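> One structure follows; several queries about it will come next.
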Amino acid sequence: MKALLVSGFAAIGTGSGAMLTLHAESDLDPLHSVISEYAFQASGWLLPASLTLFAVGSAFIAEAMRRAGMSRWVVALLLAWGASMFLIGAFPTDRPGVPLSLSGGIHRYAAFAAFLVMPAAGMLLAKARIRYAKAVRILSGVALGALLLVVVPYVVRMFGIPLTNDDIPAGLTQRAVVVTEIGVLALAGLSMLKPLAQRSQGGSSPSLA
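If you're matching positions, the sequence shown starts at 0 in numbering that gives the first Met the number 0 and goes up one per residue.
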C-alpha cells in the first residue's frame, strides 16, 4: 500500500510542477483567465499532461484506500474525480467567442463534476475521522464556497444579466477550487501513512469503513 501512496504523491507532485511551469511560461492574467485557456499557449501541452498526472495520482490513492477498507463511496468519488480530470485534459475547451462544441461541452461538465465530487469525498473522509480530518473538512468547505462563485456567473448570464470577469475574478475562484481539492487529495493520501510511533508499537489504525 505504501508503494501506491508514494506513486500517488509522485504523480500529484509532478502534475503540480507541470501546472506551475505552464503558468510561469504564460502571459495570461491568473486572476481573470481560467486554467482551460492555458491550453492555447505555447506550452499548452502541459495542461493535459498535468491533469492526466492528477488523475493517475487519484487512482493510486483510491486503490490504497480500497485496500485499507475505506468506504466504497469515498473510493468511487476519488476515481470519479480522477476520471473527470482525465476528460478535462483530453477534451479541450473552445477558444473564447467560439460556440460550444462537443469537446467544449465535455470539458465543461467534466470540470463541474470534478469540482463537485472531491469536496463530497472530503466531507465523507472528515466524517470518518481520519487523520487531518479537520483540515480536510476546512479545505472541502472552501472548495464548495469557491465552486459557488465559479457557478454564479454562468447562472447569472442565463438570466440575461451582464456580468464581466472583473465582477467575479473567474481565474481566482477556479484556482481556489483546484488548489483546495488537490489539498484534500494529498491529505487523504497522507492520512493512510501510519505515524512512526504507532508503526513501531505495531498498533493498527481505526477502521475507515
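All C-beta atoms, glycine included, are put in the ideal place defined by N, C-alpha and C. As the structure is a prediction and not an experimental result, all values here were calculated from the model.
1) Using the Cα positions of ILE34 and ALA110, report the straight-line distance between them to the nearest angstrom.
2) Using the C-alpha atoms, what's the distance from ALA54 back to SER15?
3) Is there at least one non-hydrogen atom of the ligand MN closer than 7 Å to the beta-carbon of SER57?
4) So, is ALA23 buried or exposed, given that buried needs 16 or more other C-beta atoms within 10 angstroms?
5) Have a look at LEU21, ILE11, LEU138, ALA127 and flag the residue whose alpha-carbon is nearest the alpha-carbon of THR179.
6) Measure the alpha-carbon distance for ALA132 versus ALA125 and round it to whole angstroms.
7) Can you tell me whether LEU76 is helix, strand or coil according to DSSP?
8) Going by C-alpha distance, which of VAL151, ALA10, LEU77 is nearest LEU50?
9) Taking only three categories from DSSP, how would you classify ARG65?
10) Where do the ends of the alpha helix (DSSP H) carrying VAL183 lie?
11) Hey, out of ALA41, LEU148, GLY56, GLU36, whose CA is closest to ILE181's CA?
12) So LEU45 and LEU21 are in contact, right, with Cβ under 8 Å, and what is the actual spacing, rounded?
13) Taking the alpha-carbon positions, what's the VAL149 to ALA112 distance?
14) Let me see if you follow: with CB-CB separation under 8 Å, is THR51 close to chain C or not?
15) Please classify PRO205 as buried or exposed, where buried requires at least 16 other C-beta atoms within 10 Å of its C-beta.
16) Is the distance from the Cβ of MET0 to the Cβ of MET191 below 8 Å?
17) To which residues of the same chain is SER6 closer than 6 Å at the C-beta, ignoring the five residues directly before and after it?
18) If the criterion is Cβ atoms closer than 8 Å, does the pair VAL135 and GLY144 meet it?
19) Under the assumption that VAL74 contacts MET84 (Cβ atoms under 8 Å), give the Cβ distance between them as a whole number of angstroms.
20) Can you tell me which of VAL151, SER25, LEU3, ALA79 puts its alpha carbon nearest to the alpha carbon of ALA41?
21) By alpha-carbon positions, which one of GLU62, SER100, ARG174 ends up nearest to ALA79?
The structure says:
1) Here residue 34 is taken as the residue at index 35 of the sequence shown, counted from 1. Here residue 110 is taken as the residue at index 111 of the sequence shown, counted from 1. The straight-line gap from Cα to Cα measures roughly 11 Å.
2) Along the sequence shown, one-based indexing puts residue 15 at 16. Along the sequence shown, one-based indexing puts residue 54 at 55. Spanning the two alpha carbons is a distance of roughly 12 Å.
3) Within the structure as shown, the ligand MN is missing, as the structure has no ligands at all.
4) As a working mapping, residue 23 is identified with position 24 in the sequence shown. With fewer than 16 other Cβ atoms within 10 Å, it is exposed.
5) Locating residue 179 in the sequence shown gives position 180, where the first residue counts as 1. Checked all of LEU21, ILE11, LEU138, ALA127; the closest Cα to THR179 is LEU138.
6) In the sequence shown, the residue the question calls residue 132 occupies position 133. In the sequence shown, the residue the question calls residue 125 occupies position 126. Spanning the two alpha carbons is a distance of roughly 4 Å.
7) By 1-based counting over the sequence shown, the position of residue 76 is 77. For LEU76, the secondary structure class from DSSP, reduced to helix, strand or coil, is helix.
8) Within the sequence shown, residue 50 is the residue found at index 51, counting from 1. When only C-alpha atoms are compared, the closest one is ALA10.
9) If you number the sequence shown from 1, residue 65 lands on position 66. Three-state DSSP puts ARG65 in a helix.
10) If you number the sequence shown from 1, residue 183 lands on position 184. If you look at VAL183, you'll find it in the alpha helix (DSSP H) that goes 169–189.
11) Translated into positions along the sequence shown, residue 181 becomes position 182. Answer by Cα proximity: GLY56.
12) What you label residue 45 is simply residue 46 of the sequence shown in a count that begins at 1. What you label residue 21 is simply residue 22 of the sequence shown in a count that begins at 1. Contact between LEU45 and LEU21 holds, since their C-beta atoms are separated by about 4 Å, short of 8 Å.
13) Counting from 1 along the sequence shown, the entry for residue 149 is found at position 150. Counting from 1 along the sequence shown, the entry for residue 112 is found at position 113. A straight-line Cα-Cα distance of about 13 Å links VAL149 and ALA112.
14) The chain labelled as chain C is not found in the depicted structure, where only one protein chain is given.
15) Here residue 205 refers to the residue found at position 206 of the sequence shown. For PRO205, the predicted model reports a pLDDT of 43, less than 50, meaning its position is unreliable; a value from the coordinates is still stated below. Classification for PRO205: exposed.
16) As a first step, residue 0 must be located in the sequence shown, where it is residue number 1. As a first step, residue 191 must be located in the sequence shown, where it is residue number 192. For the pair MET0 and MET191, the CB atoms are nearer than the 8 Å cut-off.
17) Translated into the one-based positions of the sequence shown, residue 6 becomes position 7. If we look at SER6 and ignore the five residues flanking it on each side, its Cβ neighbours are PHE59.
18) Position 136 of the sequence shown holds residue 135. Position 145 of the sequence shown holds residue 144. Not a contact, by the Cβ cut-off of 8 Å.
19) Locating residue 74 in the sequence shown gives position 75, where the first residue counts as 1. Locating residue 84 in the sequence shown gives position 85, where the first residue counts as 1. That pair is no contact at about 16 Å.
20) The residue labelled residue 41 in the question sits at position 42 within the sequence shown. Of the listed residues, the one whose Cα sits closest to ALA41 is SER25.
21) Along the sequence shown, read from residue 1 onward, the residue named residue 79 stands at position 80. Comparing Cα-Cα distances from ALA79 to each of GLU62, SER100, ARG174, the minimum goes to GLU62.
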